[in-house]
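Accompanying notes for the structure given below.
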Amino acid sequence: MRQSTVMSASQRMALAACSPLRAAMLSFPACVLASVLFALAPTQALAQVPCCLDEEEFEEYLEESIEEEVAENVEEEVVENIEEELEVAVDQAVGETIEDSIEDSIEETIDDSVEKSVEETVADSVEESVEDAVESTVEESVAGAVEDSVETSVEQNVASAVEKSVEETVEQTVTASVEGQVEVGIAAAIEDRLESEIATVLEDLESQLEIDEARIKTQQWLVMAEPEVFDELAVKGYLFDRVTDLPGMGLLLAEVEAPSSFEIYDVREGVIDVVGRGRAEVDLNHIYTASAPVHHTVEGARPRNVLHFPAGMDDLALRLGMIDSLVDTAHPALQKANIHSRAFATEGATLPAFHGTAIASIFTGRDADYLGLAPSAELYAAAVFEQDAARGEIASTVSLVRALDWLISSGVDVVNISLAGPPNRLLEKALSRAASRGVLILAAAGNGGPMAKPMYPAAYPSVMAVTAVDAHGRVFRLANRGDYVDLAAPGVGLLHARSGGGYATSSGTSFAVPFVATAAARLRLLSPYEDVREALLSSVQDEGVPGRDDVYGYGVLRVNG
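Residue numbers 0 to 560, in numbering that gives the first Met the number 0, belong to the letters of the sequence shown in order.
See the structure below:
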């Protein structure tokens, strides 16, 4: 015989108590108690069968209402699967507070409700069964609600905590990073300023204490700057004996005849006081000499035989520039060459032609039995050397700067320089200005020997310094060495045209420069957007100590097809 399934007062109370829980989780203990009562009521409801329903009606009601709810809620699945998971979830998420609240609320609510709504038998049964059934029933009924509530609460708390933590961390990190960067920037700026000031002081001391009278034109100083700087100096009463326009660089060059008692340091500081540091270059008119080659009596190697260039060099219209001595364009090897010559030496001076003729023939020579590296090239030859009775072939800073400006204005791609001398502020500025206009400057490393000091302009950062090697890759015995040497090229025992007629054989770092200059001009013509300097250095053959060294630089020049 089936039990009566009419809803008791306890069951109705359970449904009433759980309605708020579904809506907003407002009466958690009441719903817990209601769930327990609803689960237990069917076994205790025989005494609660209303008089107005017969047994069959109660059975139908049982089948429709109780069986599905009770079967789903108190089956073995609840006991076996939910208990362990929800114990952990409830213990971790809710903690002792929920457990204590549940026990207190359930005991109070059960006592009150059972006494009023259920007979004493039901109350006794409930009291005996609550402790065993509460965990499984509560876990099943409350699991979803607690899990959702805990997840929402945890998400909100975690999100808030993480957001605050991230904001604080980012703020601290950014603050520390900015402060660190500012400190580093200030330190670097101070260090650079100190280094600049120290370098200036040292240079000025060198100018005052170690001036080589043989390396300067005495009683003369030079100023080079933008045109507006000269306007400012004129307002302060500065007068200049001669001012030369340098259109290729966008600068003016002024020469001043000075009394024998003048000090270049005082002049420089006076100009700086007027126009500010870095706006004008002030220096002496230094003297430079041609690289002294070694001459041989035996016939040397022709340029085309010591370094392989790809086919088609005869027809390439390269644009080359050279600063050297005068070129003997009447020589048979140069009569057909496309050479533009201009002299920048002192007016009326005797102009030597040996070295310039030799270099020009290596570039563009064309004779029955002699062929230069680029016979179809357009060569701009600036003559800066003049014959001095006491010092031999010399060139001044003024002549070098003016020659370089002419080559820039002529649109050459590379400039070959075959001379050496002391550092000079104006020359350094002019070379930097040329490099900024896309002109590659190449200079001989010098023939002073392994122990010689760095020579200029080769030692300037804006210039590629070239040393010489023989046919077997051995460095020229008199070549300068140092960390400013960039690469090596053939320059020992080379056959070249001799001014006045015939040919001669010579060795020296200046004879190696045309090979690098020709390779650079070829790259500039065929690959105008390529970094020529980088391309040259990346194609070299390493010699000597692995990697870059003071003897070969990065290595010996190789020309790729």
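Just so it is clear, CB atoms sit at the ideal spot from N, CA and C, and this is done for glycine as well.
Annotation: A503 to N559 spans about 29 Å, alpha carbon to alpha carbon. Distance from the Cα of P449 is smallest, within the candidate group V222, G481, Y455, for G481.
When the five nearest sequence neighbours on each side are left out, the beta carbons in the same chain lying within less than 6 Å of the beta carbon of F510 are those of G490, L493, in order along the chain. In the DSSP annotation of this structure, the continuous segment of the beta strand (DSSP E) that includes D244 starts and ends at 241-245. Looking at the backbone, the Cα of A496 and that of G269 are separated by about 49 Å. Between N446 and T508, the alpha-carbon positions lie close to 6 Å from each other. For the 8 Å CB-CB criterion, T396 and L221 form a contact. Within the same chain, Cβ atoms closer than 6 Å to the Cβ of D469 are found at V491, the five residues on either side in sequence being excluded. For S505, DSSP records a beta bridge to H294, L493. In this structure A444 is in contact with N479, their Cβ atoms being roughly 5 Å apart against a cut-off of 8 Å. Excluding the 5 residues flanking it on each side, I322 has same chain C-beta neighbours closer than 6 Å at A381, V383, A402, I416, in chain order. Taking the Cα of A329 as reference, the smallest distance to any Cα among A344, A357, L306 is reached at A357. With contacts defined by Cβ atoms closer than 8 Å, R365 and P374 form a contacting pair. Around the CB of R276, fewer than 16 other CB atoms lie within 10 Å, so the residue is classed as exposed.
Approximately 5 Å separates the beta-carbon atoms of A487 and V555; this is inside 8 Å, confirming the contact. Between E280 and A344 a beta carbon distance of about 22 Å is seen, past the 8 Å cut, so the two are scored as non-contacting. With a threshold of 16 other beta carbon atoms within 10 Å, N304 falls short and is exposed.
Among the bridge pairs identified by DSSP, I440 is matched with V414, V462. In the structure shown, H354 falls within a helical segment according to DSSP collapsed to helix, strand and coil.
For M321, the three-state secondary structure derived from DSSP is strand. Our two residues, V462 and L439, have alpha carbons roughly 7 Å apart in a direct line.
Secondary structure note for L315: it is in no alpha helix (DSSP H), with a DSSP letter that is neither H nor E. Assignment of S340 by DSSP, reduced to helix, strand and coil, places it in the strand class. For the pair V255 and D240, the CB atoms are nearer than the 8 Å cut-off.
Shown here for L325: same chain residues with a beta carbon closer than 6 Å to its own, the five before and five after excluded, namely L350, A352, G355, A382 in chain order. Excluding the 5 residues flanking it on each side, G472 has same chain C-beta neighbours closer than 7 Å at E542, V555, in chain order. The beta carbons of L372 and F514 sit closer together than 8 Å. In the three-state DSSP reduction, N446 falls in the coil class, being neither helix nor strand. Just so you know, the alpha carbons of G437 and A451 end up roughly 31 Å apart. Cβ atoms of V293 and S506 come within 8 Å of each other, at about 4 Å.
In terms of Cα proximity to E346, the closest of V274, E377, V544, S398 is S398. Under a 10 Å Cβ-count criterion, R523 is classified as buried, with 16 or more other Cβ atoms of the shown protein chains found around its own Cβ. Contact between L251 and A224 holds, with the beta-carbon distance rounding to 7 Å and staying under 8 Å. Shown here for L306: same chain residues with a beta carbon closer than 6 Å to its own, the five before and five after excluded, namely P489, F514 in chain order.
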